[in-house]
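Novice:
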Amino acid sequence: MSVLSRLLVLVGLLSLFHAAYSAHEFSVLSTKYHKNAPLPLDIKLETLVSVFLACLGLVWGSEPLKPVGWNEWAGELERDGGANPFKSLEERVNFVDIRAQRREFATWARQQGPASTR
């Protein structure tokens, strides 16, 4: 995270805390003197600007985005020298064909002849 992005996040968060404190003070004073008074425009704007500054600082300080497709990501990971975490899924055994195995067993059983008793 660069210095500018950290500074933006810090200023945004401090401003957000100030806006929250101002809104709290206004609500305390408005309950004493003015019932149901709307929140002043400057507090609303300070809140929006502070959230925008904090978000902008976080976005600027974040790492570059990774590819969305897992195959692109795994290919990039393998090119960089890392292990493919999906290798076990790509090399797994296919589904078992039960009918083919039954035919093979029936053929084997016929070749063995009648079962011998002990």
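Numbers -22 to -1, 1 to 96, taken from mature numbering (1 follows the signal peptide of the UniProt record, and there is no 0), label the letters of the sequence shown in order.
Beta carbons: idealized from backbone N, C-alpha and C, even for Gly.
#1: Buried or exposed: A15, going by 16 or more other Cβ atoms within 10 Å of its Cβ?
#2: Using CA coordinates, which residue listed in G91, G(-11), E3 is at the minimum distance from C33?
#3: Please classify G35 as buried or exposed, where buried requires at least 16 other C-beta atoms within 10 Å of its C-beta.
#4: Could you give the distance in angstroms between the alpha-carbon of residue 120 and the alpha-carbon of E50?
#5: Can you say whether L17 is buried or exposed, counting buried as having 16 or more other CB atoms within 10 angstroms of its CB?
Specialist: In short:
#1: For the purposes of this step, residue 15 is taken as residue 37 along the sequence shown, with counting starting at 1. It counts as exposed.
#2: As a first step, residue 33 must be located in the sequence shown, where it is residue number 55. It is G(-11).
#3: Taking the first residue of the sequence shown as 1, we reach residue 35 at position 57. That one is buried.
#4: With the chain running from -22 to 96 in the structure shown, residue 120 is simply not present.
#5: Here the question's residue 17 lines up with position 39 in the sequence shown. Taking every protein chain shown into account, the CB of L17 has fewer than 16 other CB atoms within 10 angstroms, so this residue is exposed.
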